[in-house]
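Visitor:
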Amino acid sequence: MSKEALGQSRFEAVEAYLLGTMSAADRTSFELELGADGELQTEVQLQRENMLAVEMGGMRQTLGAIMAEDRERSSVTWPHYLKYAAAAAVLLIGALWWLTRPSLNERLYAEYHQADPGLPVPMSATRDPEFQDAMVAYKMGQYKEASSKWGKILAAAPGNDTLAYYIASAHLSAGDAAGAIPLFKIVGNSPSSVFRDKANWYLFLSYLHEGRFAEMRAMRLDQDSTYGERAAGILGKIGK
Amino acid sequence: MNGNATADISVPSAWEEALVRGDPGTIKQLYALHFPPVKRFVRQNSGTGEDARDVFQEAITVLWLKARDGILRKDTEPGAFLFRVSKNKWLDRIRSAAHRTMTVVPVDHNPAPGNGGSEELEERIQRLKEVYDRMDGKCRTVLGRFYFQREDLATIADNLGVTEESIRTIKYRCMMKLRAFRKHLAGDEKGTER
Chain Y
1 MSKEALGQSR FEAVEAYLLG TMSAADRTSF ELELGADGEL QTEVQLQREN MLAVEMGGMR
61 QTLGAIMAED RERSSVTWPH YLKYAAAAAV LLIGALWWLT RPSLNERLYA EYHQADPGLP
121 VPMSATRDPE FQDAMVAYKM GQYKEASSKW GKILAAAPGN DTLAYYIASA HLSAGDAAGA
181 IPLFKIVGNS PSSVFRDKAN WYLFLSYLHE GRFAEMRAMR LDQDSTYGER AAGILGKIGK
Chain S
241 MNGNATADIS VPSAWEEALV RGDPGTIKQL YALHFPPVKR FVRQNSGTGE DARDVFQEAI
301 TVLWLKARDG ILRKDTEPGA FLFRVSKNKW LDRIRSAAHR TMTVVPVDHN PAPGNGGSEE
361 LEERIQRLKE VYDRMDGKCR TVLGRFYFQR EDLATIADNL GVTEESIRTI KYRCMMKLRA
421 FRKHLAGDEK GTER
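Protein chains in written order, with the working numbering: chain Y, 1 to 240; chain S, 241 to 434.
(1) In this structure, how does DSSP classify Lys314 (chain S) when only helix, strand and coil are distinguished?
(2) List, in order along the chain, the chain Y residues whose C-beta lies closer than 8 Å to that of Pro318 (chain S)?
(3) Which residue from S:Ser253, S:Glu298, S:Asp373 puts its Cα closest to that of Glu317 (chain S)?
(4) Looking at the C-beta of Lys417 (chain S), does it have a partner C-beta in chain Y at a distance below 7 Å?
(5) Between the region 163-177 of chain Y and the region 202-217 of chain Y, are three or more C-beta pairs nearer than 8 Å?
(6) Which chain S residues sit within Cβ distance under 8 Å of Lys139 (chain Y)?
(7) Tyr165 (chain Y) and Val187 (chain Y) - do their beta-carbons sit closer together than 7 Å?
(8) Three-state secondary structure (DSSP) at Gly211 (chain Y)?
(9) Check each candidate in Y:Gln61, Y:Glu145, Y:Gly211, Y:Gly94 and name the one with the smallest Cα separation from Gly262 (chain S).
(10) From S:Asp294, S:Lys306, S:Glu290, pick the residue whose C-alpha is nearest to that of Glu256 (chain S); which is it?
(11) Output, in chain order, the set of chain S residues within a Cβ distance shorter than 9 Å of Thr226 (chain Y).
(12) Do Arg293 (chain S) and Met67 (chain Y) have their C-beta atoms closer together than 7 Å?
(13) Is Ser124 (chain Y) close to chain S, meaning its C-beta is less than 7 Å from at least one C-beta of that chain?
(14) Compile a chain-ordered list of the residues in the region 46-67 of chain Y whose CB is closer than 9 Å to at least one CB of chain S.
(15) Taking the straight line between their C-alpha atoms, what separation do you get for Gly64 (chain Y) and Arg217 (chain Y)?
(16) Starting from Gln114 (chain Y), trace the alpha helix (DSSP H) in both directions and tell me its first and last residue.
(17) Please report whether the beta-carbon of Val14 (chain Y) lies at a distance below 7 Å from any beta-carbon of chain S.
(18) Which first and last residues belong to the alpha helix (DSSP H) in which Ser9 (chain Y) is found?
(19) Just to confirm the assignment, what range does the alpha helix (DSSP H) spanning Glu174 (chain Y) have?
(20) What is the C-beta distance between Lys378 (chain S) and Ile410 (chain S), in whole angstroms, given that I count them as a contact (C-beta under 8 Å)?
(21) Within a Cβ cutoff of 6 Å, which residues of the same chain sit near Ser193 (chain Y), ignoring the five residues on either side of it in sequence?
(22) Does the beta carbon of Arg283 (chain S) come closer than 7 Å to any beta carbon on chain Y?
(23) So, using beta-carbon positions, are Ala277 (chain Y) and Ser206 (chain Y) closer together than 7 Å?
(24) Spell out whether any CB of chain S is found under 7 Å from the CB atom of Gln114 (chain Y).
(25) Determine the burial state of Asn105 (chain Y): buried for a count of at least 16 other Cβ atoms within 10 Å of its Cβ, exposed for fewer.
(26) Counting only C-beta atoms, is Phe11 (chain Y) closer than 7 Å to chain S at any point?
(27) Taking a contact to mean a Cβ-Cβ separation below 7 Å, would you say Ser326 (chain S) touches Val302 (chain S) in this structure?
(28) Would you mind sorting Thr28 (chain Y) into buried or exposed? The rule is 16 or more other CB atoms within 10 Å of its CB.
(29) Just verifying my parser: in three-state terms, what is the DSSP assignment at Gln45 (chain Y)?
(30) Taking the alpha-carbon of Gly310 (chain S) as reference, which of S:Val260, S:Gln297, S:Ser286, S:Leu393 has the nearest alpha-carbon?
(31) Rounded C-beta distance between Asn50 (chain Y) and Met415 (chain S)? I'm assuming under 8 Å.
(32) Are the C-beta of Val187 (chain Y) and some C-beta of chain S separated by less than 7 Å?
(33) By how many angstroms is the C-alpha of Tyr17 (chain Y) removed from the C-alpha of Phe30 (chain Y)?
(34) Quick check on Asn314 (chain S): buried or exposed, where buried means 16 or more other Cβ atoms within 10 Å of its Cβ?
This is how it looks when you write it as structure tokens:
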């Protein structure tokens, strides 16, 4: 098996051959080459098996989801007498919920927090694939992976407000408001940053998450033209 | 999936084509029709519903791979195939555990030559699972959508809110990670042979 790297265009040619998306002329020429090149034959075989692994994994996941649905359904088809036990359990759960229900700040945070949707296209200053890669992870809800990848880029480019803002957003979306606060503060205090207003709003929400009401009030975000109404609503509910 | 309808699994070969393309409706029908006898058998032989699901999943993987490779006999009846493979897998498991805690119920092991899970096929399935398990969530999503669900790059990019070029690059890099892992596995095998 070749130890050398496989270029993207070569990889895509093998892929098109295996998927049957090659033109007739390209296929004929590819097959001629394949007949005479042992390394290419190995490469085709390797890629075929890797694509097969993805397909098989997909099929097993589909079946796994069907089984999980069935498992859930069969677990609720109880004998008649167990309905009374279920009713008692519901009452008990209700009582437990009442005792352990979310606090006011947790409820308000859940009501007002909506994760930043991320950038639809890469920014020109951060065009490298690592940034895009992390952005895809972020959009897919893999916040730890995203912040770890962006963190490495930030170490090489400290002061980049885009990175600081999105790392903070990833922390907050992952539930780590304490980790997000210092970064949102930096961006919120940068007058030239396009993320400044959003950073201040998410800083406000981070404080809310942590129950740091005095710091929320000190921000005076209720005077802000964009976020003022929402901030005033929250401050009103926590008791200004 | 893939814009094709779910197959009528009572029609010979229709189910096979639909299973190969991973049609959820067909997989659901196969499960609904053929899992209950497997579950009954496993439960009668010291197992649980979860044990039954495990062996059924392995059996359907064998069926899928044989169909995907085009080596399934034309007259294969999926229910009989799945029951036979599940049963043999469960008997293998309880035999291997017999020295520990389980009680072996004597039932005939009934391998069907050329239509069950050969050792070579089992090893291949194991390798394919190892490769799949190597992938992170992002690679599974992008590669799964492209190679399994057969979505095009534009659809995947649009859905994830990134450019088509990003998806193309991610796909390439994910596949190169799998290639490197395969090379690593091949190196290990050579090392073991020596």
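Just so you know, even glycine gets a beta-carbon here, dropped at the ideal spot from N, CA and C.
Guide: In short:
(1) Secondary structure at Lys314 (chain S): coil, using DSSP grouped into helix, strand and coil.
(2) Residues of chain Y passing the Cβ test: none, with the nearest at roughly 13 Å.
(3) Taking only the C-alpha atoms, the option nearest Glu317 (chain S) is S:Ser253.
(4) In terms of beta-carbon proximity, Lys417 (chain S) stays away from the interface with chain Y, with every pair separated by 7 Å or more.
(5) Yes, since at least three Cβ pairs between the region 163-177 of chain Y and the region 202-217 of chain Y fall closer than 8 Å, the two stretches touch.
(6) From the beta-carbon of Lys139 (chain Y), the residues of chain S found nearer than 8 Å are Leu400, Gly401, Val402.
(7) For the pair Val187 (chain Y) and Tyr165 (chain Y), the CB atoms are nearer than the 7 Å cut-off.
(8) Three-state result, Gly211 (chain Y): coil.
(9) Closest option to Gly262 (chain S), Cα to Cα, is Y:Gln61.
(10) The candidate whose alpha carbon is nearest that of Glu256 (chain S) is S:Lys306.
(11) Close partners of Thr226 (chain Y) in chain S (Cβ separation under 9 Å) are lacking, with about 23 Å as the shortest Cβ gap.
(12) With respect to Met67 (chain Y), Arg293 (chain S) sits close: the two C-beta atoms are nearer than 7 Å.
(13) In this prediction, Ser124 (chain Y) scores a pLDDT of 46, lower than 50, which makes its location untrustworthy; the coordinate-derived value is nonetheless stated afterwards. For Ser124 (chain Y), the answer is no, since every Cβ of chain S falls outside 7 Å of its Cβ.
(14) Listed by position along the chain: Leu46, Gln47, Glu49, Asn50, Met51, Leu52, Ala53, Val54, Glu55, Met56, Gly57, Gly58, Met59, Arg60, Gln61, Thr62, Leu63, Gly64, Ala65, Ile66, Met67.
(15) Approximately 49 Å, taken between the alpha carbons.
(16) Per DSSP, Gln114 (chain Y) belongs to no alpha helix (DSSP H) and is neither H nor E.
(17) So no, Val14 (chain Y) is outside the interface.
(18) Here the alpha helix (DSSP H) through Ser9 (chain Y) covers 8-19.
(19) The amino acid occupying residue 174 (chain Y) in the given sequence is Ala; Glu does not appear at that position. For Ala174 (chain Y), there is no enclosing alpha helix (DSSP H), as DSSP gives it neither H nor E.
(20) With a contact defined as Cβ atoms closer than 8 Å, Lys378 (chain S) and Ile410 (chain S) qualify at about 7 Å.
(21) Cβ neighbours of Ser193 (chain Y) beyond the five flanking positions: Asp161, Val187.
(22) No - not a single Cβ of chain Y is within 7 Å of the one on Arg283 (chain S).
(23) The structure shown does not extend to residue 277 (chain Y), since chain Y is modelled only from 1 through 240, so no value can be given for it.
(24) Chain S, which has no Cβ nearer than 7 Å to the Cβ of Gln114 (chain Y), makes this no.
(25) Around the beta carbon of Asn105 (chain Y), 16 or more other beta carbons sit within 10 angstroms, so the residue counts as buried.
(26) The beta carbon of Phe11 (chain Y) sits closer than 7 Å to some beta carbon of chain S.
(27) No, these two residues do not count as a Cβ contact at 7 Å.
(28) Label assigned to Thr28 (chain Y): exposed.
(29) Three-state result, Gln45 (chain Y): helix.
(30) If we check each option's Cα against that of Gly310 (chain S), S:Val260 comes out closest.
(31) The pair is a contact, with the Cβ atoms about 6 Å apart (cut-off 8 Å).
(32) Output row for Val187 (chain Y): interface = no.
(33) Cα to Cα, the separation comes out at about 8 Å.
(34) Residue identity check: residue 314 (chain S) is Lys in the sequence provided, not Asn. Under a 10 Å Cβ-count criterion, Lys314 (chain S) is classified as exposed, with fewer than 16 other Cβ atoms of the shown protein chains found around its own Cβ.
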